[in-house]
Amino acid sequence: MSEDVTELFNRLTGYAQKPDYHKLFVAPEHMRSNLERLIDAEIAHAQAGNTAYIIMKANSLTDARMIEKLYQASRAGVKIDLIIRGICCLRPAVPNISDNIHVRSIIG
Numbered sequence: 003m004s005e006d007v008t009e010l011f012n013r014l015t016g017y018a019q020k021p022d023y024h025k026l027f028v029a030p031e032h033m034r035s036n037l038e039r040l041i042d043a044e045i046a047h048a049q050a051g052n053t054a055y056i057i058m059k060a061n062s063l064t065d066a067r068m069i070e071k072l073y074q075a076s077r078a079g080v081k082i083d084l085i086i087r088g089i090c091c092l093r094p095a096v097p098n099i100s101d102n103i104h105v106r107s108i109i110g
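The following block contains the structure:
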């Protein structure tokens with residue numbers, strides 16, 4: 003992970019080109035695809051009858067595609083805890099849509 007952080011700071015300061023990160027999800031290049039891949043893996047766990055759980059912390063959650071992916075996971079039986087610092091457009095605890103989603107707001 004420290005190698006990824008070094009590469010990130012080198013990129014931010016202009017000392018390096020776009021690297022391939024191994025552990026970090028750096029927006030905008032890899033964030034969505036990596037999060038969707040991990041959510042899909044939890045959906046597969048739930049569909050196989052295994053325990054499936056997502057905990058995610060973010061500054062905000064307004065992206066319609068990501069919200070729909072989380073709804074899909076909830077409908078599949080994945081338990082989801084979201085810690086959202088600011089605005090959250092996802093509606094938790096809606097029957098048959100987001101029953102398995104709990105949102106905790108840090109600011110209020």
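All residue numbers for the sequence shown refer to the numbering used here, where the first residue is 3 and numbers rise by one. Ideal Cβ placement from N, Cα and C applies to all residues, glycine included.
*asked:* Using C-beta distances below 6 Å, list every residue in its chain close to Lys81, excluding the 5 sequence neighbours before and after it, in chain order.
replied: Sequence index remark: in the sequence shown, residue 81 carries index 79 (1-based). Excluding its 5 nearest sequence neighbours in each direction, Lys81 has C-beta neighbours in its own chain below 6 Å: Tyr55, Asn102, listed in chain order.
*asked:* Starting from His47, trace the beta strand (DSSP E) in both directions and tell me its first and last residue.
replied: On the sequence shown, residue 47 is found 45 positions in, with the first residue counted as 1. Where His47 is concerned, there is no enclosing beta strand (DSSP E), although the alpha helix (DSSP H) it sits in stretches over 33-49.
_Between the CA atoms of Ser35 and Ile86 - distance to the nearest angstrom_ = Indexing the sequence shown from 1 puts residue 86 at position 84. Indexing the sequence shown from 1 puts residue 35 at position 33. So the alpha carbons of these two residues sit roughly 20 Å apart.
*Are the Cβ atoms of Ile45 and Ala95 separated by less than 8 Å?*
On the sequence shown, residue 45 is found 43 positions in, with the first residue counted as 1. On the sequence shown, residue 95 is found 93 positions in, with the first residue counted as 1. Against a cut-off of 8 Å, the Cβ pair of Ala95 and Ile45 comes out as no contact.
_If you reduce the DSSP assignment to three classes, tell me which class Arg67 lands in._
Against the sequence shown, residue 67 aligns to sequence position 65. If DSSP states are grouped into helix, strand and coil, Arg67 belongs with the helices.
_Check for me: the beta strand (DSSP E) holding Met3 runs from which residue to which?_
If you number the sequence shown from 1, residue 3 lands on position 1. Neither: Met3 is in no beta strand (DSSP E) and is coded neither H nor E.
*asked:* Among the candidates Ser4, Glu5, Asp65, His47, whose CA atom is the shortest distance from the CA of Met33?
replied: Counted from its first residue, the sequence shown places residue 33 at position 31. Across the set Ser4, Glu5, Asp65, His47, the C-alpha of Asp65 shows the shortest separation from the C-alpha of Met33.
*Starting from the Cα of Leu40, find the closest Cα among Arg106, Leu63, Ala75 and give me that residue.*
Stepping through the sequence shown from its first residue, residue 40 is reached at position 38. Cα-wise, what sits closest to Leu40 is Ala75.
*Please look up how many angstroms separate the CB atoms of Leu84 and Arg67, rounded, as I've assumed it's under 8 Å.*
If you number the sequence shown from 1, residue 84 lands on position 82. If you number the sequence shown from 1, residue 67 lands on position 65. Contact between Leu84 and Arg67 fails: their C-beta atoms lie close to 16 Å from each other, not under 8 Å.
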